[in-house]
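*Asks:* Residue numbers (mature numbering (1 follows the signal peptide of the UniProt record, and there is no 0)): -17 to -1, 1 to 558. One structure, pasted below without further comment.
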């Protein structure tokens, strides 16, 4: 009898053109019949269980089906794709700036879209007005553009499936939510905030997890009408199937089985949609075929599957990637500036290096390579090869890699990019190219990004005597300072005392200072360095002298001339 009903369903489906048949029952696909699993006979006897692959079912065995599905998805074969064209999306909420976790998610979607020859959609999920941050979206776009990443559709480039800002589709979400109510898939909830708070408090006292008790789920039509006439505020809740187990086939985690035990809100009392509802509606309307996002979204995915089913939509293929943590194994917060892409941009990291590091984080090819171009990542990246455990973002490793990128690039490229960065940061002005060239030659072995180069330059050319008062009781320092000042003053009347003169006669100066001090040459050099820079160590002092001379000739804006430094020493130690 069971088989007769199944065959009858198949016959009806075949008559309506809904069945695909390729000559063997082992390659038979049938549409989802009432969301039930069906047992069918197959060649060789026995039974094999059908599996839901979006709207289609396959009579492959569990292991065969999983292997074929994962293999076909990542190869981009259309047989198992829920959409003729693979369509992926990155959907940030404008509640803050783009951090490395979001950057990683975008990059994975970008790479897979290229591998599948599909489209990448940028969508703005901005319905939570209270949490939206001003200009957040513009900054996210700016960061992605800085990384030389692009998308095929979005708020800034348009497309056939817009609008791409959820705030521009509020009425559409309201309409669909009310259609759900009319179809018996959702219901009006008139529970007040106070009532819900009281129930939550009782659950807390009882030390049980709070779940909405479905108090309004079975309200009569008449009761709903009366509440509406009274103007009672309401939300709309999704009518989750009680006790149903949902199977999530994840590309990375295989099958995950769970159930949704709450009737979650899909429309708030202010008529704005909730995240799980609006995201599901958009995934359906934008024909999203693959959803790649953080593992923290797994609980959301089960709710979204229910909404998609209610929309009679195809279910995308999901991949939940590991969370990114700090070296201390702590979850990365949007409020931690060190892990914002904007911070990496402002510190002068190379975009290609950030892409390389993020693309290989928790993943490595068989060859154990560390350096990839974006095109090489697209050709080599395998989503299935990701570590299953949390991925550690190590800023020291990123700096090490960025230094390699700086040193590997053409020297003139280094100079051009560094000069642009230093002008932007007001370290130098335009027309200081030769000075930048010399700075790179002097500091390149210690520099990991352009911000560090700027910091080393500022330490070399500035002289903040107010922030670094000398110890006047230091007799050795006082002896060296006194002799240095007398030598400088003694030459001012006969020669042009400047940085070039100081550099050319530096050895003579050290010899004069050495006489009668019982100090070794190295000790004197250390004292001279400290007197003129407030630093005890650094690059060879002769290189500093070269920098000062060129800074004087190039009129570098932040440079404090040697004459001013010695004048300060004269005031402190000889008067």
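Glycine included, every Cβ here is placed at the ideal spot set by N, Cα and C.
According to DSSP, is residue 170 part of a helix, a strand, or is it coil?
*Replies:* Residue 170: strand per DSSP, three-state reduction.
*Asks:* If you draw a straight line from the alpha carbon of residue 398 to that of residue 549, how long is it in whole angstroms?
*Replies:* Straight-line Cα distance between these residues: approximately 32 Å.
*Asks:* Taking the alpha helix (DSSP H) that residue 120 falls in, what are its first and last residues?
*Replies:* Counting along the chain, the alpha helix (DSSP H) containing residue 120 begins and ends at 119 to 129.
*Asks:* Leaving aside the five residues before and after residue 534 along the sequence, list all residues of the same chain whose C-beta is less than 7 Å from its C-beta, in chain order.
*Replies:* Excluding residues within five positions, the ones whose Cβ falls inside 7 Å are 418, 444 and 542.
*Asks:* In chain order, what residues of the same chain have a beta carbon less than 7 Å from the beta carbon of residue 372, not counting five sequence neighbours either side?
*Replies:* Result list for residue 372: 305, in chain order.
*Asks:* Sort 176, 271, 212 and 551 by Cα distance to residue 449 and report the nearest one.
*Replies:* Of 176, 271, 212 and 551, the residue nearest in Cα terms is 551.
*Asks:* Among 370, 426, 432 and 133, which has the Cα closest to the Cα of residue 327?
*Replies:* Ranking 370, 426, 432 and 133 by Cα distance to residue 327 puts 432 first.
*Asks:* Would a C-beta distance cut-off of 9 Å place residue 254 and residue 157 closer than the cut-off?
*Replies:* Closer than 9 Å, so yes.
*Asks:* Which whole runs of the alpha helix (DSSP H) in the region 306 to 338 are 4 residues long or more, in chain order?
*Replies:* Entirely contained in the region 306 to 338, the alpha helix (DSSP H) runs reaching 4 residues are, in chain order, 324 to 329.
*Asks:* So, with DSSP's three-state summary, where would you put residue 241?
*Replies:* If DSSP states are grouped into helix, strand and coil, residue 241 belongs with the strands.
*Asks:* Out of curiosity, what's the CA-to-CA distance linking residue 539 and residue 409?
*Replies:* The alpha-carbon atoms of residue 539 and residue 409 are separated by roughly 10 Å.
*Asks:* Report the rounded CA-to-CA distance for residue 361 versus residue 265, giving the unit in angstroms.
*Replies:* If I take the Cα positions, the gap works out to 27 Å.
*Asks:* Within the continuous beta strand (DSSP E) that includes residue 437, where are the two ends?
*Replies:* Per DSSP, residue 437 belongs to no beta strand (DSSP E); it is in the alpha helix (DSSP H), 433 to 444.
*Asks:* Residues bridged to residue 450 by DSSP?
*Replies:* BP columns for residue 450 are empty, so no partner.
*Asks:* Of all the options 393, 423 and 376, which has the alpha carbon lying nearest to the alpha carbon of residue 308?
*Replies:* For the residues 393, 423 and 376, the minimum Cα distance to residue 308 belongs to 376.
*Asks:* Residue 331 and residue 404 look like a contact to me (Cβ under 8 Å); what is the Cβ gap, rounded to whole Å?
*Replies:* About 5 Å separates the two Cβ atoms, so the contact holds.
*Asks:* Hey, out of 274, 529 and 451, whose CA is closest to residue 517's CA?
*Replies:* The candidate whose alpha carbon is nearest that of residue 517 is 451.
*Asks:* Going by alpha carbons, who is nearest to residue 238 out of 301, 224, 461 and 387?
*Replies:* Ranking 301, 224, 461 and 387 by Cα distance to residue 238 puts 301 first.
*Asks:* Can you check the region 127 to 215 for any alpha helix (DSSP H) of at least 4 residues that lies completely inside it and give the ranges in chain order?
*Replies:* Runs of the alpha helix (DSSP H) inside the region 127 to 215: 153 to 165, 176 to 188 and 204 to 212.
*Asks:* Among residues of its own chain, excluding the 5 on either side of residue 142, which ones have a beta-carbon nearer than 8 Å to its beta-carbon?
*Replies:* Result list for residue 142: 104, 135 and 136, in chain order.
*Asks:* Report the start-end ranges of each beta strand (DSSP E) in the region 242 to 281 that is 3 residues or longer and not cut off at the edges.
*Replies:* If we require 3 residues or more, the beta strand (DSSP E) runs fully inside the region 242 to 281 come out as 248 to 250 and 273 to 277.
*Asks:* Hey, how far is the Cα of residue 88 from the Cα of residue 223?
*Replies:* If I take the Cα positions, the gap works out to 29 Å.
*Asks:* Put residue 491 into one of helix, strand or coil per three-state DSSP.
*Replies:* If DSSP states are grouped into helix, strand and coil, residue 491 belongs with the helices.
*Asks:* Residues in the same chain with beta-carbon distance under 7 Å from residue 369, minus the five sequence neighbours each way, listed in chain order, please.
*Replies:* Hits under 7 Å: 235, 304, 305, 345 and 346.
*Asks:* Do the region 458 to 477 and the region 485 to 501 make contact, defined as three or more Cβ pairs closer than 8 Å?
*Replies:* These segments touch.
*Asks:* Would a check of beta-carbon distances place residue 151 closer than 9 Å to chain B?
*Replies:* Among the chains of the structure shown, chain B does not appear; only one protein chain is present.
*Asks:* Anyone know if the C-beta pair for residue 73 and residue 84 falls short of 9 Å?
*Replies:* Not closer than 9 Å, so no.
*Asks:* Assign residue 397 to one of three DSSP states: helix, strand, or coil.
*Replies:* Here residue 397 sits in helix by DSSP.
*Asks:* Hey, would you say residue 442 sits closer than 9 Å to residue 545, going by beta carbons?
*Replies:* In this structure, residue 545 does not lie closer than 9 Å to residue 442 by Cβ.
*Asks:* Could you tell me the distance, in whole angstroms, from the CA atom of residue 70 to the CA atom of residue 411?
*Replies:* When rounded, the distance between both Cα atoms is 46 Å.
*Asks:* Whole-angstrom Cβ separation of residue 290 and residue 259, contact assumed at under 8 Å?
*Replies:* Right, the Cβ-Cβ distance comes to about 7 Å (below 8 Å), so this counts as a contact.
*Asks:* Use the C-beta contact count for residue 523: other C-beta atoms within 10 angstroms, 16 or more gives buried, fewer gives exposed.
*Replies:* Residue 523 is exposed by the Cβ-count criterion.
*Asks:* Determine the burial state of residue 204: buried for a count of at least 16 other Cβ atoms within 10 Å of its Cβ, exposed for fewer.
*Replies:* The residue in question, residue 204, is exposed, as its Cβ has fewer than 16 Cβ neighbours within 10 Å.
*Asks:* Do you know how far the Cα of residue 402 is from the Cα of residue 414?
*Replies:* When rounded, the distance between both Cα atoms is 9 Å.
*Asks:* Which residue spans inside the region 457 to 526 form an unbroken alpha helix (DSSP H) run of at least 4?
*Replies:* The qualifying runs are 458 to 475, 482 to 487, 489 to 497 and 504 to 516.
*Asks:* Cα separation between residue 186 and residue 193?
*Replies:* Their backbone Cα atoms lie some 6 Å apart in a straight line.
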